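Going by the UniProt record's numbering, the first residue of the sequence shown is number 1, and it counts up by one from there.
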Amino acid sequence: MIGTNGPILINDPGKSIDCDNSFDRNNAGNVIELRTDGGGEFISLDNYGDLTSTAGRTILAYSEGANSRVEVINTGDLDTYEAGIYARTRGDASELYVYNSGHITGFYKGIWAVTGAGVPNDDSPMRVINTGDIDLQTGESIDAATYGVDSDIFIFNSGALTGETGIRAFAEGDDADVKIINTGSITVQTGDDPSFGISGSKYSGENGRVTIRNSGEIMVTGTGGFDVFGINARTYGSSSPVDIRNTAAIWASGSDEATGINGATLGGSLSITNSGKLDVTGTNLAQGIAGASLSDISINNSADIHATSSQGRAEGIKVFSLGFDDNATEITNSGDIRASGGEYAFGIVFADVGSNGALTIHNSGSVHADGPSTAPAGNVAAISVYSQGGLTTIFNTGDISASSHLAIGFNPNSTGKANIFNAGHITGLVDLTSQNDRFVNLSGGVFETKKMSLFGGGEDVFVNQTGATVLAATNANSREMSGFEGLETFKNAGGTISLVDGGVGDTFTLANTPGSADLKFEGGGYLAVDASLRGPGSKADNFIVDGDVSGVTKVMVNNTGTQPGVFNSQGIPIVFVDGKTPSAGNFVLADGPIDTGFFDYDLFFVPTGSGYWELRSFPGASAQALPKLLTAAQDLWHETSSTWFDRTADLRVVLNGGGSPAYDAGTKSMAAPGGNGLTPGVWIKGGGSRLDRNGSATTKAYGNTYDYDLDNELSTVDLQMGVDMGKYDVLSEGDVLVFGVLGGFVGAGLDYDSVADSFNFSGGQVGAYATYLKDGLFVDTLLNVHLYEIDTPNLGFPDSLNATTVGLRTDAGYRFGSFTGGAFFEPLATIEFAWADIDGFNVGGNKVSFSDDANVRGRIGGRVGTTMEACEGTMMEPFLIASLWGNLSEDNAATLVSSGTTFNFSDDLDDVWGELSAGVNLFNFSQTTAVFAKVDYTFGEDVQGLGGKAGMRVAW
Numbered sequence: 001m002i003g004t005n006g007p008i009l010i011n012d013p014g015k016s017i018d019c020d021n022s023f024d025r026n027n028a029g030n031v032i033e034l035r036t037d038g039g040g041e042f043i044s045l046d047n048y049g050d051l052t053s054t055a056g057r058t059i060l061a062y063s064e065g066a067n068s069r070v071e072v073i074n075t076g077d078l079d080t081y082e083a084g085i086y087a088r089t090r091g092d093a094s095e096l097y098v099y100n101s102g103h104i105t106g107f108y109k110g111i112w113a114v115t116g117a118g119v120p121n122d123d124s125p126m127r128v129i130n131t132g133d134i135d136l137q138t139g140e141s142i143d144a145a146t147y148g149v150d151s152d153i154f155i156f157n158s159g160a161l162t163g164e165t166g167i168r169a170f171a172e173g174d175d176a177d178v179k180i181i182n183t184g185s186i187t188v189q190t191g192d193d194p195s196f197g198i199s200g201s202k203y204s205g206e207n208g209r210v211t212i213r214n215s216g217e218i219m220v221t222g223t224g225g226f227d228v229f230g231i232n233a234r235t236y237g238s239s240s241p242v243d244i245r246n247t248a249a250i251w252a253s254g255s256d257e258a259t260g261i262n263g264a265t266l267g268g269s270l271s272i273t274n275s276g277k278l279d280v281t282g283t284n285l286a287q288g289i290a291g292a293s294l295s296d297i298s299i300n301n302s303a304d305i306h307a308t309s310s311q312g313r314a315e316g317i318k319v320f321s322l323g324f325d326d327n328a329t330e331i332t333n334s335g336d337i338r339a340s341g342g343e344y345a346f347g348i349v350f351a352d353v354g355s356n357g358a359l360t361i362h363n364s365g366s367v368h369a370d371g372p373s374t375a376p377a378g379n380v381a382a383i384s385v386y387s388q389g390g391l392t393t394i395f396n397t398g399d400i401s402a403s404s405h406l407a408i409g410f411n412p413n414s415t416g417k418a419n420i421f422n423a424g425h426i427t428g429l430v431d432l433t434s435q436n437d438r439f440v441n442l443s444g445g446v447f448e449t450k451k452m453s454l455f456g457g458g459e460d461v462f463v464n465q466t467g468a469t470v471l472a473a474t475n476a477n478s479r480e481m482s483g484f485e486g487l488e489t490f491k492n493a494g495g496t497i498s499l500v501d502g503g504v505g506d507t508f509t510l511a512n513t514p515g516s517a518d519l520k521f522e523g524g525g526y527l528a529v530d531a532s533l534r535g536p537g538s539k540a541d542n543f544i545v546d547g548d549v550s551g552v553t554k555v556m557v558n559n560t561g562t563q564p565g566v567f568n569s570q571g572i573p574i575v576f577v578d579g580k581t582p583s584a585g586n587f588v589l590a591d592g593p594i595d596t597g598f599f600d601y602d603l604f605f606v607p608t609g610s611g612y613w614e615l616r617s618f619p620g621a622s623a624q625a626l627p628k629l630l631t632a633a634q635d636l637w638h639e640t641s642s643t644w645f646d647r648t649a650d651l652r653v654v655l656n657g658g659g660s661p662a663y664d665a666g667t668k669s670m671a672a673p674g675g676n677g678l679t680p681g682v683w684i685k686g687g688g689s690r691l692d693r694n695g696s697a698t699t700k701a702y703g704n705t706y707d708y709d710l711d712n713e714l715s716t717v718d719l720q721m722g723v724d725m726g727k728y729d730v731l732s733e734g735d736v737l738v739f740g741v742l743g744g745f746v747g748a749g750l751d752y753d754s755v756a757d758s759f760n761f762s763g764g765q766v767g768a769y770a771t772y773l774k775d776g777l778f779v780d781t782l783l784n785v786h787l788y789e790i791d792t793p794n795l796g797f798p799d800s801l802n803a804t805t806v807g808l809r810t811d812a813g814y815r816f817g818s819f820t821g822g823a824f825f826e827p828l829a830t831i832e833f834a835w836a837d838i839d840g841f842n843v844g845g846n847k848v849s850f851s852d853d854a855n856v857r858g859r860i861g862g863r864v865g866t867t868m869e870a871c872e873g874t875m876m877e878p879f880l881i882a883s884l885w886g887n888l889s890e891d892n893a894a895t896l897v898s899s900g901t902t903f904n905f906s907d908d909l910d911d912v913w914g915e916l917s918a919g920v921n922l923f924n925f926s927q928t929t930a931v932f933a934k935v936d937y938t939f940g941e942d943v944q945g946l947g948g949k950a951g952m953r954v955a956w
């Protein structure tokens with residue numbers, strides 16, 4: 001009978017022990033101690049009480065017999081000095097089980113489980129299940145070891161562990177497996193060497209594996225330890241794999257060295273899968289994930305890894321391949337890897353110590369290494385590889401970069417071959433092997449080059465596919481120089497080489513190893529450069545090919561100039577080729593000549609035995625179109641003057657008795673209001689039209705001919721208002737002179753079909769007019785002045801131009817036929833003078849002036865119609881007009897002076913064109929009101945237009 005106080009101590013050789021305790025107990029030594037040494041015996045302990053030991057082990061269960069079993073179940077709180085639970089077997093085929101849900105505190109070890117040690121202990125599995133919190137000031141929270149063949153260890157923990165090691169498991173025998181599953185938090189702080197959050201090891205024997213599954217947060221801090229590990233797993237058998245999977249955050253900090261997750265095997269495969277954040281700090285060494293194996297290695301990371309070493313070496317992922325031929329290493333990363341070292345820094349580092357081991361890296365995350373600017377070359381790299389003859393393949397869809405600009409570097413002693421496939425963003429340079437390396441920049445891939453990438457030798461090939469970019473400049477304030485050296489072939493298979501960063505002076509060079517065969521550049525894609533498209537001495541980015549070129553590369557130019565282009569026949573060099581004599585067609589502008597205002601720039605080849613391409617300028621479409629501004633101003637005046645002429649037709653009918661007498665010959669006076677009076681009167685007219693002119697021009701420059709389509713459309717709108725006065729019997733009895741003044745608004749838009757220029761005219765108009773009427777004779781004369789502002793496209797122009805057009809027009813004709821009813825015919829003749837004056841200007845080194853000669857137009861034509869009563873008191877006069885117009889003056893002209901050279905341009909106007917009109921006049925004599933409407937159609941070899949006009953006049 002066991003009392004309710006004090007320890008329970010049972011030593012019963014050859015017998016099984018079954019002990020249940022529900023009482024709280026304490027003892028200076030062991031509190032519950034159960035021992036047996038017989039074969040086939042068991043120890044079973046079920047404790048519910050709270051136990052305290054001040055100098056010993058709180059629970060001890062020990063069996064030495066073969067085919068025995070030890071089982072400890074504890075739900076009470078344990079306070080210990082040496083071990084909360086110590087369970088051990090030493091015989092073959094013995095089983096050991098520990099189940100704890102109590103809270104363990106104290107020193108040294110929380111749960112300590114051992115099978116074997118010193119004697120054979122084959123086929124003796126161990127199972128440790130802990131769901132309680134273990135809080136130790138020193139030692140291991142859970143420590144398990146087996147020493148027999150096929151003696152497996154299984155540990156499951158969901159409790160919070162605190163101590164100098166969280167979980168440590170060690171198996172020595174062949175075919176013994178170690179499996180650790182942890183879901184609880186682990187906090188480790190120690191000065192010991194080494195210290196672990198979780199450690200699983202398999203020593204000796206050829207078989208057996210170590211498996212670790214962790215989903216609990218781990219924090220390990222070493223104040224003086226040499227090695228600090230968040231998770232550590234090792235096997236030493238020739239067929240003993242390691243499999244680690246972590247999904248929780250791990251913090252590892254050591255005053256010397258620290259590793260987040262470490263896995264190593266001597267013969268079995270190594271697999272590490274991590275999706276938990278790793279934050280590792282070590283004074284001399286910091287490693288996020290470290291792996292080493294004589295067999296295949298697989299590392300898969302999808303979380304952030306930050307490794308920081310203030311004085312030494314920082315490595316995000318470090319892998320040693322210790323095997324021989326045909327061993328394969330695969331590293332997959334989709335997380336954010338940051339390595340920052342005081343002397344060395346590597347985002348991913350791989351070393352093949354064997355031979356012909358293949359390495360494959362899949363990166364869809366971010367890999368960055370940051371080290372001191374004084375570090376020797378090769379000490380800081382995003383990806384660093386040492387290969388002993390095997391193939392290294394890198395697939396990148398993420399970001400790769402380093403502060404040293406060494407994005408991917410191979411040890412100079414590497415003998416393997418490299419294949420790189422990039423669909424992400426690589427920033428920096430690559431330093432590859434001496435074998436036949438291949439770099440394929442896939443669609444969407446950006447290789448942002450820094451300094452000079454080195455291709456070691458052999459038949460190295462770089463392929464820039466469609467949709468891919470080699471980005472050779474990114475800082476507008478710095479003249480960047482980069483390129484590829486030691487390359488045999490560059491295939492620009494639809495991709496883009498870009499030096500565009502907003503600043504000129506950048507250089508990108510392609511070259512082979514000095515003294516070897518020339519590089520081969522196979523064009524087919526694009527080259528994008530910055531260039532200041534200005535005058536002689538202007539600069540641009542340069543693309544240099546130290547080798548032979550073939551195919552066609554399309555050049556895109558980003559104009560960094562803030563002012564319009566000027567005449568430059570000296571040239572701005574862009575591409576230099578130092579190889580076999582190339583063809584002028586190897587480099588061409590992607591979209592043809594570049595429009596910079598009045599001057600276009602095109603790419604021209606200069607043969608030198610090799611050759612170079614440069615940009616030169618010549619007058620473009622905007623310069624050729626300058627005189628058309630004068631033509632537009634004249635056409636605008638012509639359209640609005642025609643509006644004035646249309647409103648005088650009603651006067652002839654009224655004067656000649658259309659409806660009732662308009663003039664009393666006896667009194668020689670105007671008709672009274674309400675009769676058929678002519679004056680005084682007021683009128684308003686409005687009109688709109690669209691006039692399409694065909695145009696073309698040709699510039700010949702540097703052996704090339706450039707044809708420009710200058711087809712344009714002038715859309716006009718105007719509104720006129722005026723006051724009529726009059727006098728009868730001016731030259732003879734029965735004649736009349738009507739005169740007055742007008743004013744109004746005028747506007748127009750000039751748009752080109754194929755040129756990006758657009759001009760808007762807006763302003764006012766004032767004028768004076770006179771109409772002489774005698775029987776069927778009529779003579780109309782108009783003086784009209786347009787005062788307007790022209791809004792410009794601001795490409796070589798000032799924001800706006802002031803313009804004035806002064807015009808004088810006379811229309812004359814004679815009416816044959818009735819004024820009061822029936823058909824009539826009027827032969828017509830017109831003479832028109834228009835002086836258009838547009839202000840000259842000087843913008844960006846280009847000086848423009850316009851001629852101010854008069855534009856003279858003449859017309860002969862006829863008007864035919866009939867007069868009829870539309871309704872009581874209202875007459876209607878439908879009519880048709882056919883006109884033949886001719887230009888009687890010289891062509892319009894403009895002059896452009898740039899870089900000391902004068903260019904003259906003219907607008908070749910149509911000599912003859914026709915016009916057909918149809919309209920109607922309505923006269924209401926009782927109210928002395930007239931209304932008109934008319935549609936005009938203009939046609940000619942290079943002109944076509946359509947317009948409409950309408951108005952009203954009221955006399956009293």
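From the three backbone atoms N, C-alpha and C, an ideal C-beta is built for every residue, glycine too.
Quick caveat, the model's predicted, so the values are computed rather than measured.
CA-to-CA, the gap between Thr-608 and Thr-581 works out to about 8 Å. By the criterion of a C-beta distance shorter than 6 Å, Gly-940 is surrounded in its chain by Asp-910 and Trp-913, once the five residues flanking it on both sides are discounted.
Taking the Cα positions, Ala-258 is about 6 Å away from Thr-281. Looking at the DSSP output, Glu-522 sits in a beta bridge with Lys-491 and Ser-550. Judged by DSSP in its simplified three-state form, Ala-621 adopts helix. Beta-bridge pairing by DSSP links Thr-89 to Ser-63 and Thr-115.
Excluding its 5 nearest sequence neighbours in each direction, Ser-239 has C-beta neighbours in its own chain below 7 Å: Glu-206, Asn-207, Gly-267 and Gly-268, listed in chain order. In the three-state reduction of the DSSP assignment, Ser-293 falls in the strand class. A Cβ-Cβ contact shorter than 8 Å links Tyr-86 with Leu-60.
Between Ser-732 and Val-779, the alpha-carbon positions lie close to 15 Å from each other. Look at Glu-206 here: in three-state DSSP terms it is coil, with no helix or strand label.
With the rule of 3 Cβ pairs closer than 8 Å, the region 595-613 does not count as touching the region 711-722.
Per DSSP, Asn-855 is one residue of the beta strand (DSSP E) stretching across 855-871. Taking C-beta atoms as the reference points, Asn-892 and Leu-630 count as a pair closer than 8 Å. Here Arg-35 has Asn-11 and Tyr-62 as same chain residues with Cβ atoms under 6 Å from its own Cβ, once five neighbours each way along the sequence are excluded.
Straight through space, the alpha carbons of Met-876 and Ala-933 are spaced by roughly 11 Å.
By the neighbour-count definition (other C-beta atoms within 10 Å, threshold 16), Val-555 is a buried residue.
The DSSP-derived three-state label of Gln-563 is coil.
If you ignore the 5 residues before and after Ala-768, its C-beta comes within less than 6 Å of the C-beta of Val-741 and Leu-783, all in its own chain and listed in chain order.
The residues Leu-678, Val-738, Thr-771 and Leu-773, in chain order, have a CB closer than 7 Å to that of Leu-651 in the same chain once the five nearest residues on each side in sequence are set aside.
Boundaries of the beta strand (DSSP E) around Asp-279: 278-282. Boundaries for Gln-435: no beta strand (DSSP E) harbours it, and the DSSP string shows neither H nor E there. Rounded to whole angstroms, Val-178 and Lys-109 show a C-alpha spacing of 19 Å. Looking at the DSSP output, Gln-944 shares a beta bridge with Asp-692 and Phe-939. Contact between the region 458-473 and the region 432-445 is established, with three or more Cβ pairs separated by less than 8 Å. Unbroken beta strand (DSSP E) runs of no fewer than 3 residues, entirely contained in the region 359-416, are found at 366-370, 380-386, 391-396, 399-402 and 406-410, following chain order. The C-alpha of Ser-642 is placed about 20 Å away from the C-alpha of Phe-923. Straight through space, the alpha carbons of Val-72 and Tyr-344 are spaced by roughly 50 Å. Closest in alpha carbon position to Ala-468, among Tyr-526, Asn-512, Asn-475 and Cys-19, is Tyr-526. DSSP places Lys-318 in the uninterrupted beta strand (DSSP E) bounded by 313-321.
With respect to the 8 Å criterion, Ser-151 and Ala-176 are classified as neighbours on the basis of their beta carbons. Excluding sequence positions up to five before and after His-405, its CB lies within less than 8 Å of the CB of Thr-427, Gly-428, Leu-429, Lys-450 and Lys-451, all in the same chain and listed in chain order. Its Cα nearest to that of Leu-719, the residue Ser-689 stands out among Ala-701, Ser-689 and Gly-695.
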